[in-house]
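Asks: Starting off with a structure, shown below.
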Amino acid sequence: MASEALHMARAGKGDPLVMVHGYLGGSSQWTAELQALGAHLDVIAPDLPGFGKSRHLTSPDRIEGYASAVLHALDQLGVQRFHLLGHSMGGMIVQEMVRLAPTRVDRLVLYGTGPLGLLPGRFETMERSRERLAEDGVSSFSVQ
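The opening position of the sequence shown corresponds to residue 46 in my numbering, with each subsequent residue numbered one higher.
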């Protein structure tokens, strides 16, 4: 896990809601949600290691590494209990966060994701995705 802090976008006051982005995403994808939900909640949107404003941090090779990084960042903020939302790969990360720290999560929302390991071969490996990104750029990930 990186020793430097993750970048966090944060807005509002109230019960904490942690929103975790997917692969090739970042906290900036939650701009509208930060504004709208910040009226009622303390919305926290981390940039995962290797993404967004945390791109200088080394990306973990496993989902558990991302989950641990987010939990550590929340510890640093003093956030002990929270609602949790994950999109795509972020959904897999938040499921792992629940496994690692079940008493800390009040509510869980999964958006456009699936459980880890249920669909073998459904997703390419992180290593292969990184190779494709280096070879072909972001356009290789666009939906036609």
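Built from N, CA and C at the ideal position, the CB exists for glycine as well.
Candidates Ala90, Ser73, Tyr68: which alpha carbon is nearest glycine 57's?
Replies: Ala90
Asks: For the stretch 48 to 55 and the stretch 86 to 102, state whether three or more C-beta atom pairs, one from each stretch, are separated by less than 8 Å.
Replies: yes
Asks: What are the uninterrupted segments assigned as beta strand (DSSP E) that are 3 or more residues long and contained completely in the stretch 81 to 144, given in chain order?
Replies: 86 to 91, 127 to 132
Asks: Excluding sequence positions up to five away, which residues of its chain have a Cβ less than 8 Å from the Cβ of valine 154?
Replies: His128, Leu129, Leu130, Gly131
Asks: Cβ of glutamate 40 within 8 Å of Cβ of glutamate 141?
Replies: No answer is possible for residue 40: the residues shown for the chain start at 46 and end at 189.
Asks: Give every residue of the same chain whose Cβ lies closer than 7 Å to the Cβ of arginine 50, excluding the five residues on either side of it in the sequence, and list them in chain order.
Replies: Inspection of the sequence shows that residue 50 is occupied by alanine rather than by arginine. Excluding sequence neighbours, alanine 50 sits near Ala118, Gln121.
Asks: Once the 5 residues before and after valine 3 are set aside, which same chain residues still bring their CB inside 6 Å of it?
Replies: Within the shown structure, residues of the chain are numbered from 46 to 189, placing residue 3 beyond reach of any answer.
Asks: My assumption, with CB atoms under 8 Å, is that glycine 157 sits in contact with valine 65. Please give the rounded CB distance.
Replies: In fact, because the Cβ distance is near 12 Å, the residues do not count as touching under 8 Å.
Asks: By DSSP, does proline 160 sit in helix, in strand, or in coil?
Replies: coil
Asks: Among Gly59, Gly83, Leu93, which has the Cα closest to the Cα of serine 104?
Replies: Taking serine 104 as reference, the option from Gly59, Gly83, Leu93 with the minimal CA-CA separation is Leu93.
Asks: With 16 other CB atoms within 10 Å as the buried threshold, where does glutamate 180 fall?
Replies: exposed
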